[in-house]
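Here the structure is laid out as C-alpha cells; the discussion comes afterwards.
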Amino acid sequence: MAFAIEARQLTKTYNGQTRALDGVDLFVDQAEVFAFLGPNGSGKTTLMRILTTQFRPTSGEARAFGLDVVRRGAEVRRMIGYVPQETSVWLDITGRENLLVYSKIYGVPKSNRKERIEDAICAMGLEEVAERMVKTYSGGMTRRLEIAAALLVKPRILFLDEPTIGLDPTARKAVWESLTAFKKEYGTTVFFNTHYMDEADHYSDEIAIISRGRIVKSGTPGELKRSLHGEILQLRFSPNHHQNQNHNGFDERALGKIRDLDLVRDAVLCGTQLDVFVEDGERALPLVIEALSSEGISFERISTARPTLDDVFLRYAGPLSSGRGGDGK
Amino acid sequence: MTADDSLREMFAMIELEMRRLRHDRTEIYTRAIQPILWLAVFGSVMSEVRGIPTGGIPYIDYITPGVLLQSTIFVSVFYGLTIVWERETGILKRLLVAPASRSATVIGRSIASGVRAVVQALIIFPVAILLGVRFMPNPAYIIAAFIVLFLVSGGFAAISIFVASLMKTRERFMGLGQALIMPLFFASNALYPIELMPPALQYVALVNPLTYAVDAVRGLLISGDLSNLAVDVAAILVFDVVIFAVASVSFKKIIE
Chain A
15 MAFAIEARQL TKTYNGQTRA LDGVDLFVDQ AEVFAFLGPN GSGKTTLMRI
65 LTTQFRPTSG EARAFGLDVV RRGAEVRRMI GYVPQETSVW LDITGRENLL
115 VYSKIYGVPK SNRKERIEDA ICAMGLEEVA ERMVKTYSGG MTRRLEIAAA
165 LLVKPRILFL DEPTIGLDPT ARKAVWESLT AFKKEYGTTV FFNTHYMDEA
215 DHYSDEIAII SRGRIVKSGT PGELKRSLHG EILQLRFSPN HHQNQNHNGF
265 DERALGKIRD LDLVRDAVLC GTQLDVFVED GERALPLVIE ALSSEGISFE
315 RISTARPTLD DVFLRYAGPL SSGRGGDGK
Chain B
495 MTADDSLREM FAMIELEMRR LRHDRTEIYT RAIQPILWLA VFGSVMSEVR
545 GIPTGGIPYI DYITPGVLLQ STIFVSVFYG LTIVWERETG ILKRLLVAPA
595 SRSATVIGRS IASGVRAVVQ ALIIFPVAIL LGVRFMPNPA YIIAAFIVLF
645 LVSGGFAAIS IFVASLMKTR ERFMGLGQAL IMPLFFASNA LYPIELMPPA
695 LQYVALVNPL TYAVDAVRGL LISGDLSNLA VDVAAILVFD VVIFAVASVS
745 FKKIIE
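These protein sequence lines map, in sequence, to chains A and B.
Each number in the numbering used here corresponds to the 1-based position in the first sequence with 14 added.
Each number in the numbering used here corresponds to the 1-based position in the second sequence with 494 added.
Written out as C-alpha cells, the structure reads:
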C-alpha cells in the first residue's frame with residue numbers, strides 16, 4: 015500500500031543561499047492525521063507548498079499516493095485539498111457563492127455540484143451563514159468556509175497550513191470537531207502545520223518536528239512524550255541575581271554542569287525557567303540544587319511535571335521564540 | 495490539466511466578477527464620474543473652440559470613443575490591485591493548487607476584467623447619448639465596438655497582472671498604475687488626431703494599443719468609416735496574445 019505522502023531527501027534552497035529544507039524524509043500513512051510542528055522559519059510552509067505542487071524542490075522527491083508531485087503535479091492537484099494560512103476566500107460575495115466559484119474552478123461536475131456544496135456547508139456547520147457576505151463572518155466562520163471549499167473535491171489528502179491560527183478556543187474546537195467528523199466519514203488523510211501543541215496532541219495520530227529544515231523527531235504523541243522519560247524539574251530562578259552572566263542570569267558553564275550530572279538526561283533554559291529532564295526526580299533534585307548553589311545561582315521555586323508535548327517540542331526544536339531565517343514564504 | 499479545466503476556470507473567474515458586481519456596484523458608478531466630466535465639461539468646451547480638425551465630427555462625438563476606452567482601461571489597469579490583494583491573502587496560492595493551468599488563471603482574470611470594463615462602458619454610453627453624442631444607428635456596429643472594448647480591456651488587465659507580479663505591493667502598484675494611464679491616453683488619438691502631435695510622440699502613438707482601439711471604436715460608433723478596422727483589430731489581437739503570454743510567464747513570480 016502506497017503512503018499517502020512520502021518525501022525522500024527533500025531539499026529546498028531559496029536564491030541559492032537560504033536552505034529552507036535540508037534533506038527531509040517523511041512518510042505519512044493513509045487516513046492518518048499528521049501534525050507537522052516547527053518554529054517559525056523552520057521549513058513547515060515550504061514543505062507544504064512543495065507537497066501541494068506550488069514549488070519544485072531543489073533536490074529529492076516527494077509523492078502523494080505514489081504520484082510524483084513535480085512530474086505528475088496535475089494529477090496530484092486533482093486529489094488534494096489545500097487551505098493556506100492566509101484568508102483564501104473572497105470577502106465581497108456570500109459563503110455559498112465562494113463554494114460555487116471554487117467548485118467550478120476545481121471541476122466538480124455539474125450533476126453533483128449542488129450536493130457537494132450542501133455537504134461541505136453541513137460538514138463545516140455553516141448552514142446559518144451560507145447566504146451572508148463573507149466580510150460579515152467571524153474568524154472561525156471564515157476558516158471553516160475555507161476548509162469547506164477544500165472539501166468540495168472530496169480530497170484524498172487535506173493539507174492545512176496553520177488551520178486555527180488566530181482563532182479563539184471555541185472556534186478552534188469547532189473547526190477540529192468538524193474536521194474530525196469529516197475525516198471519519200471519508201477516510202481522508204489530514205496533514206497540518208501548527209504551532210499549537212495541544213492541537214497536535216489531541217487530534218493527530220502522528221507528529222513530526224522540524225527544526226532548521228530537518229526533521230528532528232517523529233512518532234505518535236504518546237511515543238514522543240515517553241521519549242523524554244521520567245520527569246521534569248522546573249526551576250524558576252530570579253533574574254539579574256548575578257553579575258557577568260548572560261541575559262537570563264545563567265551561564266553556559268552552569269547549564270553544562272547540570273547536564274553532566276548523573277540521572278540528568280537534558281536541561282533546557284527557557285526565559286527564567288530551567289527545565290531539567292531526569293529519570294528519577296526525588297534522587298536528582300538534591301544533586302541539581304547542589305550544582306546550582308555551587309555556581310551561586312539562586313531560584314525562587316521548584317516544581318515537577320510529566321513531559322507534555324511542549325516539552326517534547328522544546329527539547330527537540332528549541333524555544334519557539336528563537337526566530338530562525340526567513341518565514342518560508 | 496486539460497483545455498477543459500482551463501476553460502472552466504476562465505468561466506468561473508468571469509462568474510466571480512459578475513457576482514461581485516451584483517453585490518456592490520458603487521465602484522462602477524464612482525468610476526463613471528470622471529469620464530462623464532471629460533465628455534460634459536472638456537468635450538463641450540472644446541467643441542466651442544473648433545481648433546482641432548476632427549473631419550467634420552462634433553468634438554464631443556470625436557472624443558467619446560477615447561473616453562469610453564479610457565474608462566474601461568482604468569478598470570483594467572487597476573484590476574492588478576485585486577491580484578495584489580489576492581497575493582497578500584491566500585487566494586492565489588489556492589488557485590495555483592487548482593487543476594487549471596497558470597495561463598488559464600491569467601487569461602481568465604483578464605477576461606473577467608474585460609467583462610467588468612464593458613459593464614463600465616455600458617454606464618457611460620447612455621450618458622453620452624443624453625449629452626447629444628450621435629452614435630451610428632447600427633446595432634451590429636455598436637456590438638462590434640463593445641467587442642473591441644472588451645478585447646483591449648482584457649489586454650490591459652493582463653498588463654496589470656504582469657505589473658502586479660513585479661510590484662507585489664499595493665503602494666508601488668498604485669504609483670505605476672497612475673503613471674501609466676494618462677500618458678497612454680494623451681499619446682493616442684483619443685483627444686486629437688495623431689498628425690497634430692510632435693513627430694516623436696507620433697511614434698509612441700503608433701505602438702500604443704489604445705490608438706488602434708480608439709480608431710476602431712470611432713469608426714464603428716461615430717464615423718462609420720471601417721477602412722482601418724481589419725488592421726486595428728489585428729493590432730489589438732497581437733497585443734492581447736503577446737501580453738497574455740508575458741503575463742502568464744511572469745505570473746509564477748507573483749507567489750514566490
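Idealized CB from N, CA, C, for every residue including glycine.
A quick note: this is a predicted structure, and the numbers were derived from the prediction, not measured.
Counting the other CB atoms within 10 Å of its CB gives Asp289 of chain A a total of 16 or more, which places it among the buried residues. The beta carbon of Asp734 of chain B sits closer than 7 Å to those of Leu645, Gly648 and Gly649, all from its chain and outside the five residues before and after it, given in chain order.
Counting other Cβ atoms within 10 Å of its Cβ, Tyr523 of chain B stays below 16 and is therefore classed as exposed.
In this structure, the alpha-carbon of Ala526 of chain B lies about 41 Å from that of Arg91 of chain A. A distance of 8 Å or more separates the beta carbons of Ser73 of chain A and Gly227 of chain A.
If you ignore the 5 residues before and after Val578 of chain B, its C-beta comes within less than 6 Å of the C-beta of Ala658, Arg664 and Phe667, all in its own chain and listed in chain order.
Annotation: the continuous alpha helix (DSSP H) that includes Thr599 of chain B extends over Arg596 to Leu624. For Tyr200 of chain A and Lys168 of chain A, the gap between their C-alpha atoms comes out near 8 Å.
By the rule that beta-carbons nearer than 8 Å mark a contact, Ala739 of chain B does not touch chain A. For the C-beta of Gly584 of chain B, the chain A residues within less than 7 Å are, from N- to C-terminus, Pro98, Gln99, Glu100, Thr101 and Ser102. Beta-bridge pairing by DSSP links Ile316 of chain A to A:Leu249. Per DSSP, the continuous alpha helix (DSSP H) segment holding Gln696 of chain B begins and ends at Pro693 to Val701. The stretch 639 to 694 of chain B contains, as complete alpha helix (DSSP H) runs of 4+ residues, the segments 664 to 680 (chain order). Along the stretch 61 to 75 of chain A, the positions whose C-beta sits under 9 Å from a C-beta of chain B are Arg63, Thr66, Thr67, Gln68 and Phe69, read in chain order.
For the beta strand (DSSP E) assignment, the uninterrupted runs of no fewer than 3 residues enclosed by the stretch 166 to 209 of chain A are, from N- to C-terminal side, 171 to 175 and 203 to 208.
Residue environment: Tyr556 of chain B is assigned as buried (16 or more neighbouring CB atoms within 10 Å of its CB, all protein chains considered). The C-beta separation of Val122 of chain A from Glu509 of chain B comes to about 14 Å, leaving the pair out of contact by the 8 Å criterion.
Cα atoms of Arg610 of chain B and Phe505 of chain B: separation of roughly 13 Å, rounded to the nearest angstrom. A Cβ of chain B is located within less than 8 Å of the beta carbon of Val115 of chain A. One alpha carbon belongs to Ala606 of chain B, the other to Glu220 of chain A, and they sit about 44 Å apart. For Phe50 of chain A, the enclosing beta strand (DSSP E) has its first and last residue at Val47 to Leu51. Put simply, the CB of Asp106 of chain A is near chain B, with a gap under 8 Å to one of its CB atoms.
Between the stretch 590 to 597 of chain B and the stretch 614 to 629 of chain B there are fewer than three inter-stretch CB-CB distances shorter than 8 Å, so the stretches are not counted as touching.
The continuous stretches of beta strand (DSSP E) do not include Ile737 of chain B, which lies in the alpha helix (DSSP H) extending over residues Leu723 to Ile748. Legend: CB atoms of the stretch 588 to 600 of chain B lying less than 8 Å from CB atoms of chain A belong to residues Arg588, Leu589, Leu590, Val591, Ala592, Pro593 and Ala594. The beta-carbon distance between His517 of chain B and Ile107 of chain A, rounded to whole angstroms, is 6 Å. This is short enough to meet the 8 Å contact definition. DSSP, reduced to helix, strand and coil, places Gln99 of chain A outside both helices and strands of the structure shown, so it counts as coil.
Using a 10 angstroms sphere on the CB of Tyr697 of chain B, the tally of other CB atoms stays under 16, which defines it as exposed. Using a Cβ-Cβ cut-off of 8 Å, Arg502 of chain B is close to Lys118, Ile119 and Gly121 of chain A, given in chain order.
Under the Cβ distance rule, Ala185 of chain A does not count among the residues neighbouring chain B, no pair being separated by less than 8 Å. Contact residues of the stretch 656 to 668 of chain B toward chain A are absent (C-beta to C-beta distance below 8 Å).
Contact check for Ala615 of chain B and Leu643 of chain B: beta-carbon distance about 5 Å, within the 8 Å limit, so the pair qualifies.
From the listed residues B:Arg596, B:Pro693 and B:Ser721, the smallest Cα separation to Arg502 of chain B is found for B:Arg596. Sequence-distant Cβ neighbours of Ala710 of chain B in its own chain, meaning closer than 8 Å and more than five residues away, are Ala639, Val642, Asn722, Leu723, Asp726, Val727 and Ile730.
In this structure the stretch 559 to 569 of chain B does not touch the stretch 58 to 75 of chain A; the number of beta carbon pairs closer than 8 Å is below three.
The contact set of Arg226 of chain A on chain B, defined by CB atoms closer than 8 Å, is empty, because the minimum CB distance reaches about 21 Å.
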